[in-house]
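Engineer: Pasting a structure below so you can have a look.
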Amino acid sequence: MVYFVGAGPGAEDLITVRGLRLLGAADVVIYAGSLVNPGLLKETKEGCRIYNSAFMTLEEVIRVIVDAERKGEMTVRLHTGDPSLYGAVREQMDELEKESIAYEVCPGVSSFCAAAAALNMEYTLPGVSQSVVITRMAGRTPVPERESIAAFAAHRASMVIFLSAGMVKELSRELIKGGYEPDTPAAIVYKATWPEEKQVVCTLRTLEEAAREHKITKTALIIVGHGVCHDSYDRSKLYDPGFSTEYRKRKE
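Those letters in the sequence shown? Residues 535 to 786, by the working numbering.
Shown next as structure tokens:
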């Protein structure tokens with residue numbers, strides 16, 4: 535059996551209880567060494583074989599898993615954050631299906647949640663934005679034209695941009711081109727929940743300057759939208775005394 539486990543955004547205690555249990559039971563662990571906190575590996579049992587996928591190809595990862603399956607062993611494929619976001623998991627699942635190897639996913643805390651926590655922000659503020667766009671700039675991996683940064687910017691919703699900290703000049707230009715005002719609040723969150731975490735609040739106009747000043751070029755999320763500064767929003771109807779719910783009567 536193979537378990538794809540979300541390791542969380544960085545801090546060792548932000549892996550889920552289920553994920554920690556699976557990690558401790560694994561005979562083989564293949565972890566994304568470029569991003570997963572290596573401190574989690576101390577939770578593995580004695581004799582567990584550990585592989586760093588940063589140095590491996592897809593084919594090499596699958597060979598390790600197939601070998602473990604033939605021995606009747608359990609494998610944990612440890613991904614950063616949540617496996618469903620930029621985890622390249624579908625291609626692994628397809629290969630496992632070809633080999634008739636069973637697998638299951640254990641979700642994790644994504645870095646986009648950790649970044650919001652670092653900023654004490656809510657992405658879905660009433661009257662500000664009720665949608666969150668999670669995307670990335672095109673790089674070596676292209677993005678469909680319909681999902682370009684400029685196309686999403688036209689909605690002016692809250693936006694979380696992964697894998698783009700090294701392209702902030704182009705990113706800022708595309709966001710403004712798409713529809714955000716240059717003075718739209720933005721933030722850079724570097725290594726959310728790690729000891730070296732940084733949060734830099736700025737605007738789209740000053741995004742490039744802020745990244746340069748703080749020497750941030752990778753391992754960071756860019757957050758865009760008025761939720762960053764949370765200074766003007768509507769009160770939630772859910773807790774409004776004048777609003778009835780299934781559980782509470784309206785109070786005059």
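Every residue, glycine too, gets a C-beta built ideally from N, C-alpha and C.
Classify M559 as helix, strand or coil using the three-state DSSP reduction.
Structural biologist: The sequence shown places Ala at residue 559, rather than the Met named in the question. Note: A559 maps to helix in three-state DSSP.
Engineer: Could you tell me if E603 is buried or exposed, where buried requires 16 or more neighbouring beta carbons within 10 angstroms of its beta carbon?
Structural biologist: The residue in question, E603, is buried, as its Cβ has 16 or more Cβ neighbours within 10 Å.
Engineer: State the DSSP-derived secondary structure class of C647, mapped to helix, strand or coil.
Structural biologist: Of the three classes helix, strand and coil, the one that applies to C647 here is helix, per DSSP.
Engineer: Quick one: Cα of I683 to Cα of M671, how far?
Structural biologist: In a straight line, the C-alpha of I683 is about 7 Å away from that of M671.
Engineer: Following the continuous alpha helix (DSSP H) through A687, name the residue where it begins and the one where it ends.
Structural biologist: I683 to A687 is the extent of the alpha helix (DSSP H) around A687.
Engineer: Please classify P572: does DSSP put it in a helix, a strand, or coil?
Structural biologist: Three-state DSSP puts P572 in a helix.
Engineer: Check V639 in the structure and name its three-state DSSP category.
Structural biologist: DSSP places V639 in strand when its eight states are reduced to three.
Engineer: Could you compute how far the alpha carbon of G615 sits from the alpha carbon of K785?
Structural biologist: Distance between the alpha carbons of G615 and K785: 42 Å.
Engineer: Please report the distance separating the alpha-carbon of C582 from that of L554.
Structural biologist: Between C582 and L554, the C-alpha separation is close to 14 Å.
Engineer: Just tell me which of G558, Y767, G713 and L755 has its CA closest to the CA of K732.
Structural biologist: Ranking the options by Cα distance to K732, first place goes to L755.
Engineer: Please identify the residue among E743, T740, V551 and V595 whose C-alpha is closest to the C-alpha of Y565.
Structural biologist: It is V595.
Engineer: Can you list, in chain order, the residues of its chain with a C-beta nearer than 8 Å to that of L557? Leave out the 5 residues immediately preceding and following it.
Structural biologist: Cβ within range, chain order: V539, I549, V563, L574, E577, T578, V610 and L612.
Engineer: For the region 572–599, list the beta strand (DSSP E) runs that are entirely contained and at least 3 residues long, ordered along the chain.
Structural biologist: Listed in chain order, they are 583–586.
Engineer: Please name the residue, chosen from M627, K632, F589 and S644, that lies closest to E638 on a Cα-to-Cα basis.
Structural biologist: Looking at the Cα atoms, M627 is the closest of the given residues.
Engineer: Output the boundary residues of the alpha helix (DSSP H) element that contains R690.
Structural biologist: Taken as a continuous stretch (DSSP letters only), R690 belongs to no alpha helix (DSSP H), as it is neither H nor E.
Engineer: Helix, strand or coil for G615 per DSSP?
Structural biologist: Of the three classes helix, strand and coil, the one that applies to G615 here is strand, per DSSP.
Engineer: Please classify N571 as buried or exposed, where buried requires at least 16 other C-beta atoms within 10 Å of its C-beta.
Structural biologist: So N571 counts as buried.
Engineer: Identify which residue in D601, M693 and S645 has its Cα closest to the Cα of G761.
Structural biologist: Among D601, M693 and S645, the Cα nearest to that of G761 is on M693.
Engineer: Have a look at D717 and G642 and give me their C-alpha separation to the nearest angstrom.
Structural biologist: Their backbone Cα atoms lie some 34 Å apart in a straight line.
Engineer: Between the C-alpha atoms of E622 and K783, what's the straight-line distance to the nearest angstrom?
Structural biologist: First, the residue type needs correcting, since residue 622 is Ala and not Glu in the sequence shown. Roughly 48 Å separates the two Cα atoms.
Engineer: With distances taken Cα to Cα, identify the nearest neighbour of E715 among T779, T737, L659 and E580.
Structural biologist: Ranking T779, T737, L659 and E580 by Cα distance to E715 puts T737 first.
Engineer: Alpha carbon to alpha carbon, what distance is there between E780 and P543?
Structural biologist: So the alpha carbons of these two residues sit roughly 36 Å apart.
Engineer: Can you name the start and end residues of the beta strand (DSSP E) that L755 belongs to?
Structural biologist: Where L755 is concerned, the enclosing beta strand (DSSP E) stretches over A754 to V758.
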